[in-house]
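Trainee: Chains A and B are the protein sequences, given in the same order. One point on numbering: in this note's numbering, the residue at position 183 of the first sequence is 183, and numbering is uninterrupted. One point on numbering: in this note's numbering, the residue at position 36 of the second sequence is 36, and numbering is uninterrupted. The following block contains the structure, expressed as structure tokens.
There are 2 protein chains.
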Amino acid sequence: MKVVILGAGNVATHLARAFSSVGHDVMVWNRSEGALNAITAELGCPCTTEMAKLHRDADAYIISVKDDAVEDVAQQLAQCLGRTKAVIAHTAGSLPKRMMDERFRHGGVIYPMQTFSKDKALDYTEIPFFVEEEGDVLHRLAESVSEHVYSLSSEQRKVLHLASVFACNFANHCFVIAEDVLRQIDIPFSALLPLINETTQKLNVLSPREAQTGPAVREDDAVIGRQIHLLDNRPDLRDIYIRMSNSIRSYKLGDKNYD
Amino acid sequence: MKVVILGAGNVATHLARAFSSVGHDVMVWNRSEGALNAITAELGCPCTTEMAKLHRDADAYIISVKDDAVEDVAQQLAQCLGRTKAVIAHTAGSLPKRMMDERFRHGGVIYPMQTFSKDKALDYTEIPFFVEEEGDVLHRLAESVSEHVYSLSSEQRKVLHLASVFACNFANHCFVIAEDVLRQIDIPFSALLPLINETTQKLNVLSPREAQTGPAVREDDAVIGRQIHLLDNRPDLRDIYIRMSNSIRSYKLGDKNYD
Chain A
1 MKVVILGAGN VATHLARAFS SVGHDVMVWN RSEGALNAIT AELGCPCTTE
51 MAKLHRDADA YIISVKDDAV EDVAQQLAQC LGRTKAVIAH TAGSLPKRMM
101 DERFRHGGVI YPMQTFSKDK ALDYTEIPFF VEEEGDVLHR LAESVSEHVY
151 SLSSEQRKVL HLASVFACNF ANHCFVIAED VLRQIDIPFS ALLPLINETT
201 QKLNVLSPRE AQTGPAVRED DAVIGRQIHL LDNRPDLRDI YIRMSNSIRS
251 YKLGDKNYD
Chain B
1 MKVVILGAGN VATHLARAFS SVGHDVMVWN RSEGALNAIT AELGCPCTTE
51 MAKLHRDADA YIISVKDDAV EDVAQQLAQC LGRTKAVIAH TAGSLPKRMM
101 DERFRHGGVI YPMQTFSKDK ALDYTEIPFF VEEEGDVLHR LAESVSEHVY
151 SLSSEQRKVL HLASVFACNF ANHCFVIAED VLRQIDIPFS ALLPLINETT
201 QKLNVLSPRE AQTGPAVRED DAVIGRQIHL LDNRPDLRDI YIRMSNSIRS
251 YKLGDKNYD
């Protein structure tokens with residue numbers, strides 16, 4: 001297929017890699033040149049900062065920019081392409097498909113649920129893609145790289161994206177804080193890797209609730225008190241410590257739940 | 001070596017397994033019988049609820065009970081054993097070695113830094129053991145099961161334990177919340193596993209700060225606002241969402257740090 005990717009951030013770069021790797025004809029547009037050069041150098045695909053130079057006959061145009069820039073890029077693209085039979089999609093977990101439908105005949109969303117860092121290679125076959133469209137172009141495109149492609153409505157995708165922020169972004173922030181705490185005693189973050197590894201490996205055999213350990217779920221108030229005291233000079237972390245501990249206890253007692 | 005383990009919780013059960021598996025002569029004491037039966041059934045080692053029946057000639061007695069019960073078990077053990085040349089250790093990250101030194105000639109600490117759930121098997125060779133003692137009995141014991149044994153003072157261990165609560169217990173709680181959020185749209189938690197897996201795999205090649213992604217580190221206020229709104233009926237989660245997002249931003253801007 002002929003695919004145009006608009007954007008050159010983490011997600012856009014990985015999509016360009018993924019689609020190129022399975023033989024699609026990929027072109028990339030970005031507002032500024034910097035990030036484009038790295039993509040040209042790596043993938044050798046045509047890249048441009050001028051929308052007027054984009055292929056007019058692509059099967060799909062995929063807007064993969066910061067959420068609050070999607071509207072603007074969509075508008076420029078609509079002016080540039082005019083009426084087109086191609087699918088125009090964005091990749092944002094939190095934005096509705098409606099944003100595309102308002103401007104294009106075939107709007108869509110193709111949301112790959114993964115944490116993308118440019119410098120970290122990924123096995124694209126394992127990444128779940130959540131797709132929303134009338135036809136099947138985006139489904140076929142997603143299925144050409146991944147074994148896990150699902151249809152999902154805009155409303156459902158918003159909730160899924162929220163869950164992924166907790167599971168990925170906030171969990172990673174807990175690792176950032178742990179690294180910061182360790183700095184006081186000159187122990188490298190790598191000492192925590194077996195623990196972190198096991199924390200996630202457990203989830204293949206236990207639910208996260210079953211897997212929960214630590215002073216809060218044991219209701220070990222003596223430890224909790226001492227650890228809060230250790231954070232006396234870091235009110236920001238003390239605050240997070242107290243709220244997370246209280247939340248763990250609430251879930252254990254069953255008084256917090258979407259059920 | 002002859003090892004007596006006092007306790008039958010998650011850590012105690014895994015230590016009994018680990019030490020048995022490399023051929024040590026293990027005996028387990030616990031206050032109540034319930035959890036002991038499972039250990040006897042699995043390992044076939046002698047178990048008792050009566051301290052008077054413990055081996056008198058063990059090389060090490062390891063108290064592995066809830067932190068606020070350590071003092072009490074240590075006191076009973078001191079009355080039972082009298083003066084002994086054996087090492088008497090606890091396994092608590094947050095408690096000082098001093099608690100043992102006050103009652104025994106050879107006090108010590110052997111802290112395995114891992115998340116232990118009884119029903120989840122572990123590769124003990126990969127678990128870091130942090131040891132504090134005058135002699136070498138605990139070091140030899142730890143080295144008989146693990147390739148990663150370190151000496152660490154009580155003060156340092158307290159900080160390490162705090163870091164592990166963030167890296168393991170609080171990260172897992174983020175997974176608990178994600179599972180709860182997903183319940184609204186009938187998507188199983190397993191859909192998040194590729195994302196969670198990659199979140200921790202990344203840490204082998206990127207520092208947690210480099211690995212941070214998501215709306216907060218992108219300063220994507222539009223997404224943040226919409227996600228907070230999605231949590232209107234869950235003020236407990238909205239509160240955690242806001243604080244974690246603010247903390248991610250503070251770390252990005254560099255104004256929060258132990259440096």
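No residue lacks a Cβ here, since even glycine has one placed at the ideal position from N, Cα and C.
How long is the line joining the alpha carbons of Ile260(B) and Thr13(B), rounded to whole angstroms?
Mentor: A query on residue 260(B) cannot be resolved here, the shown segment of chain B reaching from 1 to 259 and no further.
Trainee: Please report the Cβ distance between Phe116(B) and Val11(B), rounded to the nearest whole angstrom; I am assuming they are in contact, meaning their Cβ atoms lie under 8 Å.
Mentor: 5 Å
Trainee: My output table needs one value for Cys47(A): the three-state DSSP class, helix, strand or coil.
Mentor: strand
Trainee: Below 7 Å on C-beta distance, what does Ile187(A) contact in chain B?
Mentor: Leu160
Trainee: Answer yes or no: does any C-beta atom of chain B fall closer than 7 Å to that of Glu71(A)?
Mentor: no
Trainee: Would Tyr111(A) count as contacting chain B if we go by Cβ distances under 7 Å?
Mentor: no
Trainee: Which residues in chain A have a C-beta closer than 7 Å to the C-beta of Cys174(B)? List them in chain order.
Mentor: Here the neighbours are Phe166, Ala167, Phe170, Ala171 and Cys174.
Trainee: For chain B, check one thing: does any of its Cβ atoms lie closer than 7 Å to the Cβ of Lys195(A)?
Mentor: The residue you asked about is not Lys; residue 195(A) is Leu in the sequence shown. With 7 Å as the cut-off, Leu195(A) counts as an interface residue toward chain B.
Trainee: Identify each residue in the segment 1 to 14 of chain B for which the Cβ-Cβ distance to at least one residue of chain A is less than 8 Å, and report them in chain order.
Mentor: Asn10
Trainee: Start and end of the beta strand (DSSP E) containing Tyr251(A)?
Mentor: Careful: Tyr251(A) lies outside any beta strand (DSSP E), inside the alpha helix (DSSP H) at Pro235 to Leu253.
Trainee: Could you have a look at Glu132(A) and say whether DSSP puts it in helix, strand or coil?
Mentor: Glu132(A) carries a strand assignment under DSSP once its states are collapsed to helix, strand and coil.
Trainee: So if I threshold CB-CB distances at 7 Å, which residues from the segment 235 to 251 of chain A count as touching chain B?
Mentor: Asp236, Asp239, Ile240, Arg243, Met244, Ser247, Ile248, Ser250 and Tyr251
Trainee: Identify the continuous beta strand (DSSP E) that holds Gln88(B) and give its terminal residues.
Mentor: It should be pointed out that residue 88(B) corresponds to Ile in this sequence rather than to Gln. Unbroken beta strand (DSSP E) run through Ile88(B): Val87 to His90.
Trainee: Determine, for Lys108(A), whether the minimum Cβ-Cβ distance to residues of chain B falls below 7 Å.
Mentor: For clarity, residue 108(A) is Gly in the given sequence; the question names Lys instead. Proximity of Gly108(A) to chain B, defined by a Cβ-Cβ separation below 7 Å, is not satisfied.
Trainee: Checking contacts by CB at 7 Å: is Arg17(B) closer than that to chain A?
Mentor: no
Trainee: Is the CB-CB distance between Ile63(B) and His90(B) below 7 Å?
Mentor: A Cβ-Cβ contact shorter than 7 Å links Ile63(B) with His90(B).
Trainee: Which runs of the alpha helix (DSSP H), 4 residues or longer, sit entirely within the segment 77 to 122 of chain B?
Mentor: Here the runs fully enclosed are 98 to 101.
Trainee: Can you tell me which of the three DSSP states Val26(A) falls into?
Mentor: strand
Trainee: Taking 7 Å as the threshold (C-beta atoms), are Leu138(A) and Gly108(A) in contact?
Mentor: yes
Trainee: If contacts are defined as beta-carbon pairs under 8 Å, then Ala167(B) and Ile196(A) qualify, I think. What distance do you get, rounded to the angstrom?
Mentor: 6 Å
Trainee: With DSSP run on the structure shown, which of helix, strand or coil describes His55(A)?
Mentor: coil
Trainee: Within the same chain, show all residues whose beta-carbon is closer than 8 Å to that of Gly214(A), passing over the 5 residues directly before and after it, in chain order.
Mentor: Ile248
Trainee: Please report the Cβ distance between Glu179(B) and Pro128(A), rounded to the nearest whole angstrom; I am assuming they are in contact, meaning their Cβ atoms lie under 8 Å.
Mentor: Not quite, the Cβ-Cβ distance comes to about 16 Å (not below 8 Å), so this is no contact.
Trainee: Exposed or buried, which one is Glu42(A) when buried takes at least 16 other CB atoms within 10 Å?
Mentor: Classified as exposed, Glu42(A) has fewer than 16 neighbouring CB atoms from the shown chains inside 10 Å of its CB.
Trainee: Which residues does DSSP list as the beta-bridge partners of His148(B)?
Mentor: Pro128(B)
Trainee: From the DSSP output, read off the bridge partner residues of Lys2(B).
Mentor: Asp25(B)
Trainee: Can you tell me the Cα-Cα spacing of Gln201(A) and Arg83(A), whole angstroms?
Mentor: 49 Å
Trainee: Could you check whether Val28(A) and Pro16(A) sit closer than 7 Å to each other, using their CB atoms as the reference points?
Mentor: The sequence given here has Ala at residue 16(A), not Pro. In this structure, Val28(A) lies closer than 7 Å to Ala16(A) by Cβ.
Trainee: Check Ile63(B) in the structure and name its three-state DSSP category.
Mentor: strand
Trainee: Under 7 Å between C-beta atoms, does Glu132(A) make it to chain B?
Mentor: no
Trainee: Strictly under 7 Å for the Cβ-Cβ distance: is Asp68(B) near chain A by that measure?
Mentor: yes
Trainee: Go through the segment 139 to 195 of chain A residue by residue and report every complete run of the beta strand (DSSP E) that reaches 3 residues or more, in order.
Mentor: 148 to 151
Trainee: In three-state DSSP terms, what is Leu203(A)?
Mentor: helix
Trainee: Go through its chain and collect everything with a Cβ distance to Ser164(B)'s Cβ below 8 Å, but skip five positions before and after it.
Mentor: Gly93 and Met113
Trainee: Suppose the cutoff is 6 Å on Cβ atoms and the five residues either side in sequence are ignored; what does the same chain contact list for Lys158(B) look like?
Mentor: Ser94
Trainee: Rounded to whole angstroms, how far is the Cβ of Asp59(B) from the Cβ of Lys2(B), which I believe are closer than 8 Å?
Mentor: Going by Cβ atoms, the distance from Asp59(B) to Lys2(B) rounds to 5 Å, so yes, they are a contact pair.
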